[in-house]
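In our numbering, the protein residues as written are 3 to 289. A virtual CB, placed ideally from N, CA and C, is assigned to each residue, including glycine. Given the structure is predicted, the values throughout are model-derived calculations rather than measurements.
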Amino acid sequence: MQIGFIGTGVMGTGIVLNLLKAGQSVVVYNRTKAHAQTVLDAGATWAATPQAVAEQASLVLTMVGYPSDVVEVYTGDQGIFGGIQAGSIVVDMTTSTPALAVKLTKLAHDRGVQALDAPVSGGDVGAKNATLTVMVGGDRAAYDQVLPVFEQLGQRVNYFGGAGKGQHAKMANQIMIAGTMTGLTEMLVYAKAAELDLPQVLATLSSGGADNWSMDNYVPRILKGDYTPGFFAKHFLKDLRIALQEADRMGLNLPATKQAKLLYEAMVDDFGLGDDGTQGLIKTYEH
Numbered sequence: 003m004q005i006g007f008i009g010t011g012v013m014g015t016g017i018v019l020n021l022l023k024a025g026q027s028v029v030v031y032n033r034t035k036a037h038a039q040t041v042l043d044a045g046a047t048w049a050a051t052p053q054a055v056a057e058q059a060s061l062v063l064t065m066v067g068y069p070s071d072v073v074e075v076y077t078g079d080q081g082i083f084g085g086i087q088a089g090s091i092v093v094d095m096t097t098s099t100p101a102l103a104v105k106l107t108k109l110a111h112d113r114g115v116q117a118l119d120a121p122v123s124g125g126d127v128g129a130k131n132a133t134l135t136v137m138v139g140g141d142r143a144a145y146d147q148v149l150p151v152f153e154q155l156g157q158r159v160n161y162f163g164g165a166g167k168g169q170h171a172k173m174a175n176q177i178m179i180a181g182t183m184t185g186l187t188e189m190l191v192y193a194k195a196a197e198l199d200l201p202q203v204l205a206t207l208s209s210g211g212a213d214n215w216s217m218d219n220y221v222p223r224i225l226k227g228d229y230t231p232g233f234f235a236k237h238f239l240k241d242l243r244i245a246l247q248e249a250d251r252m253g254l255n256l257p258a259t260k261q262a263k264l265l266y267e268a269m270v271d272d273f274g275l276g277d278d279g280t281q282g283l284i285k286t287y288e289h
């Protein structure tokens, strides 16, 4: 099938490159064409608008920044729903709100189109190495059709149910990540103050019960002073806000996640570090 992909940022670029390596034909759109140059050089073709992507592709994948961006690429002027053909499938891989996933699915069904919400976890490393975890909600028949494509970009794919369930699974993931990111940050602050050898601390903790993906992938970057985004802090803050909104809606109190949100708000809103990776949280402790 002809695949369309909208959003060639840090994550999207890795995903498209893996689809191309798997032999897929991919047409892409990105708000800034220069940011798509890597995938264009690798063999993807360019479309001038999301509508133009949808006119060419029977499967359209989107991965953009915020829920407002999702609304724009699907329903805006020259959006996907202006060009999508009946019988096609749309898959939003943006981490967005469950309610928006339900709304997009209804709009898709009105056009004879199937829809999935399929956010991912694994960061830039997972996108590059095709080891992402894909969390899917939406039309089961569409999932069965798209599963071989998902398997070309991820190592674990799980279907959770109807529209919005993939987004709920991603919120659960982000709640867990919030704990590991604050934990690794304060571990480093403590170990440094205690004048411990930090690489030795990392090697030791990685072999015991404290081991986790965030520590293994982000502490080495911190020790090298590398704060380039595997995942933008501003996007992680957006995710935490969504998770807490959903928790409130379900009558849940998540105090640890609320504290993580406050810490990332300090990083993003107070110190202007939203374009750093999530590991840049440690910079706020220096302030």
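DSSP beta-bridge partners of residue i
i      : result
Ser27  : Gln4
Trp48  : Val30
Gly279 : Phe234
Ala117 : Val92
Val18  : Answer is none; Val18 lacks a bridge partner.
Ser290 : With the chain covering only 3 through 289, there is no way to say anything about residue 290.
Element boundaries [alpha helix (DSSP H), containing residue i]
i      : result
Ile192 : For the sequence presented, residue 192 should be read as Tyr rather than Ile. First-last of the alpha helix (DSSP H) with Tyr192: Lys167 to Ala195.
Val62  : Element bounds for Val62: not the alpha helix (DSSP H) but the beta strand (DSSP E), Leu61 to Thr64.
Lys226 : Per DSSP, Lys226 belongs to no alpha helix (DSSP H) and is neither H nor E.
Thr97  : Looking at the DSSP string, Thr97 is not in any alpha helix (DSSP H), and its letter there is neither H nor E.
Asp1   : Lying before the first or after the last residue shown, residue 1 is absent from the chain, which here runs from 3 to 289.
Gly254 : It is worth fixing the name first, because residue 254 is Leu in this sequence and not Gly. Per DSSP, Leu254 belongs to no alpha helix (DSSP H) and is neither H nor E.
Asp71  : Pro69 to Thr77
Gln202 : Leu200 to Leu207
Pair within 8 angstroms by beta-carbon distance, residue i and residue j
i      : j      : result
Ala54  : Gly14  : no
Val104 : Ala144 : no
Ile5   : Val28  : yes
Ile244 : Met173 : yes
Val30  : Val18  : yes
Lys167 : Gly139 : yes
Phe273 : Lys285 : yes
Tyr220 : Phe238 : no
Ala46  : Leu22  : yes
Tyr68  : Thr187 : no
Leu275 : Lys260 : no
Thr10  : Asn32  : yes
Pro1   : His170 : Nothing can be reported for residue 1: it is not among the residues displayed for the chain, which extend from 3 to 289.
Gln58  : Ala44  : no
Val148 : Leu61  : yes
For residue j and residue i, believed in contact at Cβ under 8 angstroms, the rounded distance
i      : j      : result
Met217 : Thr280 : Not really, about 12 angstroms apart at Cβ, beyond 8 angstroms.
Ala235 : Val270 : 6 angstroms
Gly81  : Val72  : Wrong, their Cβ atoms sit about 10 angstroms apart, outside the cutoff.
Gly125 : Gly232 : 4 angstroms
Ala117 : Val92  : 5 angstroms
Leu1   : Leu225 : The structure shown does not extend to residue 1, since the chain is modelled only from 3 through 289, so no value can be given for it.
Val66  : Thr96  : 5 angstroms
Leu109 : Phe83  : 6 angstroms
Gln154 : Asn20  : 6 angstroms
Ala193 : Val203 : 5 angstroms
Residue i - containing beta strand (DSSP E), residue span
i      : result
Ile160 : It is worth fixing the name first, because residue 160 is Asn in this sequence and not Ile. Per DSSP, Asn160 belongs to the beta strand (DSSP E) from Gly156 to Gly163.
Gly2   : As shown, the chain starts at 3 and ends at 289. That puts residue 2 outside it, with no answer to give.
Gly91  : Per the sequence presented here, residue 91 reads as Ile, with Gly not at that position. Looking at the DSSP string, the run of the beta strand (DSSP E) that includes Ile91 is Ile91 to Asp94.
Per-residue burial, residue i [other beta carbons within 10 Å of its own, 16 or more giving buried]
i      : result
Gln26  : buried
Val159 : buried
Ser98  : buried
Asp278 : buried
Ser123 : buried
Ala180 : buried
Asn255 : exposed
Ala132 : buried
Ala2   : Any property of residue 2 remains undetermined from this structure, which presents the chain solely from 3 to 289.
Ala38  : buried
Asp241 : buried
Pro150 : exposed
Glu248 : buried
Gly282 : buried
Pro222 : exposed
Gly16  : buried
Ala36  : exposed
Thr107 : buried
Asp141 : buried
Asp94  : buried
Ala205 : exposed
Gln87  : exposed
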